[in-house]
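First up is the structure itself, then whatever we jot down about it.
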Amino acid sequence: DFSYVEVPTGRGEFTWNDYNNDGIQQLNEFEVALFPDQAKFIRIFVPTNVFVKANYTTLNYSFSFNPKAVIKPGAKGLPGFLARLSWQTSLQKTKKSIARGDVEFNPFKYGLQDTALLTLATSLNNIVSFNRFSSRWGLDLSNLQNTGKALLTYGYESRKLNDWQLKARWILSPAFTFNVNTRRGTNNLFTPRFDNRNYALRTWSVSPQIVFVNRSVFRVQAGFEWETRRNQPAFGGEHATSGALNVESKYNVLQNASVTGRFTYNQIRYPFATNSTVSYVMLEGLLPGSNYLWGLDFTKRLFNNIELSLQYDGRRPAQAPTVHTGRASIRALF
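Under this note's numbering, the first residue of the sequence shown carries the number 343, and numbering increases by one thereafter.
Right under this line is the structure:
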């Protein structure tokens, strides 16, 4: 079982949204906080007096494929093509299943919805790059798959994320770089006890970006992101469309200080109610209409190993009140 405990603002991981406006905190009203000022709760897992005998299986691997290391520089034809390719893959998988008196080695034996599977945590990451080390252009195709399942007192909770991303970069000159990022993926949550939390989202986005760099002193980047999200009809059929303009700059003052500023204008179209889990996830904590987000960071090295950081973030979601958040920290570097 688990419960949520309130902590100082910014120290938590979850936020409480009173969807039914009854003033009572309920398990199906807590979401992962998307902004620091919303992070007011932590989740505490509490063992019960009901135990299940289980088999534990863990699998981890990491593999890198880089033909350039064994192919002579300047090779032509197929060897030259392979020299431009690289592939990195990693997997972390932990599974607990009901023990039936035998030894279990297969980490892929049960599907996500199989009742013999008690808990599951999987993270599979693949990145294929072409011209990764080129000073002119390159392509990166990545796929991230996260799967999770937990057995709680009220039943199973299952999550599944499958994200594909293609990044292209063109170095136009020593000062200018043009990037295009496209993304397509799915994000699913299934909790039999709480039907209002279930969703199966399909996401597609494209984001062109131009970057200007003046040596190591000044950097500015500007881009536009167009994104669509749609919930499957069986889970409600909600859909959202957003267009976001992003600007970010960084200025390095001498060798011991830097200032970073950012601004985002996000226009969201979402013709549905906003008091649900799926709306919070689809809108990423914002609201339909015009949303403004901005921030300013200042970092300064005081001594050889002491670093001061000041951060300010603000946002205005549509017609909601403006929220200001400030943070300060000191770090010791060893």
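C-beta: ideal position from N, C-alpha, C; glycine also.
### Option nearest Ser-471 by Cα separation, candidates Ala-381, Asn-646 and Ala-425
Taking the first residue of the sequence shown as position 1, residue 471 is located at position 129. The shortest C-alpha separation from Ser-471 is found at Ala-425.
### Task
Can you have a look at Ser-584 and say buried or exposed, based on whether 16 or more other CB atoms are within 10 angstroms of its CB?
The residue labelled residue 584 in the question sits at position 242 within the sequence shown. In this structure Ser-584 is buried. Its beta-carbon is surrounded by 16 or more other beta-carbon atoms within 10 angstroms.
### Message
Which residues does DSSP list as the beta-bridge partners of Val-548?
### Response
Locating residue 548 in the sequence shown gives position 206, where the first residue counts as 1. Val-548 pairs with Thr-524 and Trp-568.
#### Entry: Residue environment, Gly-354, which counts as buried when at least 16 other CB atoms sit within 10 Å
Position 12 of the sequence shown, counting from 1, holds the residue named residue 354. Classification for Gly-354: buried.
### Task
Could you spell out where the beta strand (DSSP E) holding Ala-670 opens and where it closes?
Within the sequence shown, numbered from 1, the residue matching residue 670 stands at position 328. Secondary structure note for Ala-670: its beta strand (DSSP E) is the uninterrupted segment 665-674.
#### Entry: Residue(s) in a DSSP beta bridge with Tyr-403
Position 61 of the sequence shown, counted from the start, is the residue given in the question as residue 403. Under DSSP, Tyr-403 shares a beta bridge with Leu-433.
### Query
With distances taken from CA atoms, which of Leu-493, Val-522, Asn-359 and Leu-433 is nearest Asp-343?
Position 1 of the sequence shown, counting from 1, holds the residue named residue 343. Asp-343 has its Cα closest to that of Leu-493, out of Leu-493, Val-522, Asn-359 and Leu-433.
### Task
Please name the residue, chosen from Glu-649, Tyr-622 and Asn-473, that lies closest to Pro-409 on a Cα-to-Cα basis.
One-based indexing of the sequence shown puts residue 409 at position 67. Closest option to Pro-409, Cα to Cα, is Asn-473.
### Query
Should Phe-532 be labelled buried (16 or more other beta-carbon atoms within 10 Å of its own) or exposed?
On the sequence shown, position 190 is the one that residue 532 refers to. Answer is buried; the Cβ neighbour count reaches 16.
### Task
With DSSP collapsed to three states, give me the class of Lys-438.
Start at 1 with the first residue of the sequence shown, and residue 438 comes out as number 96. Under the three-state reduction of DSSP output, Lys-438 falls in the strand class.
### Query
Taking contact to mean at least 3 C-beta pairs separated by less than 8 Å, is the segment 539-547 in contact with the segment 567-584?
At 8 Å Cβ cutoff, the stretches touch.
### Task
Measure the C-alpha to C-alpha separation of Ala-615 and Tyr-361 and round it to an integer number of angstroms.
Position 273 of the sequence shown holds residue 615. Position 19 of the sequence shown holds residue 361. When the Cα atoms are used, Ala-615 and Tyr-361 turn out to be separated by approximately 11 Å.
### Ser-618 versus His-581 - alpha carbon distance
Here residue 618 refers to the residue found at position 276 of the sequence shown. Here residue 581 refers to the residue found at position 239 of the sequence shown. Spanning the two alpha carbons is a distance of roughly 13 Å.
#### Entry: the ligand SAM heavy atom lying under 6 Å from the CB of Leu-459
Here there are no bound small molecules, and the ligand SAM is not part of this structure.
### Query
Do you know whose CA, among Arg-478, Val-347, Phe-536 and Phe-405, lies nearest Lys-382's CA?
Your numbering for residue 382 matches position 40 in the sequence shown. Per the Cα distances, Val-347.
### Task
Count the CB pairs spanning the segment 398-408 and the segment 425-434 that are closer than 8 Å, and state whether there are at least three.
Using a C-beta cut-off of 8 Å, the segment 398-408 makes contact with the segment 425-434, since at least three inter-stretch Cβ pairs fall below that distance.
### Task
Pull up the distance between the alpha-carbon of Arg-604 and that of Tyr-452, whole angstroms please.
The residue labelled residue 604 in the question sits at position 262 within the sequence shown. The residue labelled residue 452 in the question sits at position 110 within the sequence shown. Arg-604 and Tyr-452: Cα-Cα distance of roughly 45 Å.
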